[in-house]
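In terms of the numbering used here, the numbers along the sequence shown are unbroken and rise by one, the last being 1007. All residues carry an ideal CB built from backbone N, CA and C; glycine is no exception.
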Amino acid sequence: MQHPLTIVIATRNKGKTAEIRQLLGNYPVTIKNLDDFGPIPEVEEDGETFDENAYKKASFAARILGYPALADDSGLVVEALDGAPGVHSARYAGTDATDTDRCNKLLKAMKNQTNRKAAFECVLSIAVPTGPALTYEARCEGFISQELAGTSGFGYDPVFFYPALNKTFAQMSRAEKNKISHRGKAFQELKDEFDKVLTWITQNMPRQEKFTCSE
Ligand code: ITT
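Given below as structure tokens:
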């Protein structure tokens, strides 16, 4: 169903997009992807925090496209690696690496480590074209497994073990992961005040001036 308010999901990550579409499935907004528009420049994610990068991505997309935009900046923070890969999670094994390459690099870095505590963190930023933004954040704690397990999800899901369900994120269905994940929890906060968010967006969107040409 088409709703009058459109939000652009400002991500190029297909795994995230699928999760976000499911998380916002029943809400009264029309969701667009970056792919629904022509080519737009890439944002440089050079911020030092998830917060900075989320705002950069959301405000850039909102300004360029003229729609409210929602960005997610997230990553895996591993205690024994002093917080790495952290904000560099997507590029941890170089720009051409695959998700499996990144998981394997992490397992190698964790070889012989007894402290395997880790957390996924997620910051959501919803920005309007004039600059202001709302922010939501959440984390999900778990452990780095000894080997890859499971084929669902994306990114580091096969090596992130979630003890309460006794499986890795990649062994969960999307719905199961969305209930407990960093992204799922951050979206829950947003959805808990969805009416206010919609009002805020409407009030902060630039007005479309209606004008008529007169001779
Ligand atoms: P966009 O910036 O276009 O959204 P990205 O993949 O570059 O896509 P980030 O900069 O936020 O996104 O990097 C997040 C990385 O952290 C992502 O590529 C995964 O490797 C990892 N990650 C984040 N959330 C994850 C999740 O739920 N499961 C597994 N890995 C995740």
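Look at the alpha carbon of residue i and the alpha carbon of residue j, and state the distance between them as a whole number of angstroms.
i: D865; j: V879; result: 8 Å
i: P950; j: G875; result: 19 Å
i: A925; j: Q963; result: 34 Å
i: F946; j: N996; result: 34 Å
i: A972; j: G923; result: It should be pointed out that residue 972 corresponds to Ile in this sequence rather than to Ala. Approximately 31 Å, taken between the alpha carbons.
i: T841; j: R999; result: 32 Å
i: K806; j: P955; result: 26 Å
i: W791; j: E939; result: Because the chain here runs from 793 to 1007, residue 791 falls outside it and cannot be looked at.
i: S944; j: Q814; result: 15 Å
i: D959; j: Y884; result: First, the amino acid is wrong: residue 959 is Lys here, not Asp. Going by the C-alpha atoms only, they are around 24 Å apart.
i: K969; j: G830; result: 32 Å
i: A911; j: G867; result: 8 Å
i: L898; j: D838; result: 22 Å
i: V870; j: D888; result: 22 Å
i: L957; j: A941; result: 14 Å
i: V915; j: N896; result: 25 Å
Between which two residues does the alpha helix (DSSP H) holding residue i run?
i: L982; result: 974 to 984
i: R855; result: 842 to 857
i: A810; result: 806 to 815
Which residues mark the beginning and the end of the beta strand (DSSP E) in which residue i is found?
i: K903; result: Taken as a continuous stretch (DSSP letters only), K903 belongs to no beta strand (DSSP E), as it is neither H nor E.
i: R883; result: Looking at the DSSP string, R883 is not in any beta strand (DSSP E), and its letter there is neither H nor E.
i: S917; result: 909 to 919
i: R931; result: 925 to 936
i: A861; result: 861 to 870
i: N825; result: 822 to 825
i: T798; result: 798 to 801
i: F952; result: 952 to 954
Hey, residue i and residue j are a contact pair by Cβ (cut 8 Å); roughly how many whole angstroms apart?
i: A1013; j: I918; result: This structure cannot settle anything about residue 1013, because the visible part of the chain is limited to 793 through 1007.
i: V920; j: P860; result: 5 Å
Which residues in the same chain have their Cβ closer than 6 Å to the Cβ of residue i, if we skip the five residues on either side of it in sequence?
i: T927; result: S917
i: V821; result: H795, L797, I799
i: D827; result: none
i: A872; result: Q905, N907
i: R855; result: P921
Looking only at its own chain, which residues have a Cβ that is under 7 Å from the Cβ of residue i, when we skip the five neighbours before and after it?
i: T809; result: I801, T803, N825
i: K977; result: A930, C932
i: E811; result: R966, N970, R975
Taking 8 Å as the limit between beta carbons, can you name the residues of its chain near residue i, skipping five residues before and five after?
i: S965; result: S944
With a threshold of 7 Å (Cβ to nearest heavy atom), would residue i be considered close to ligand 3?
i: K971; result: Within the structure as shown, ligand 3 is missing, the only ligands being ligand 1.
*Would you call the region 898 to 912 and the region 976 to 987 touching, i.e. three or more CB-CB distances under 8 Å?*
no
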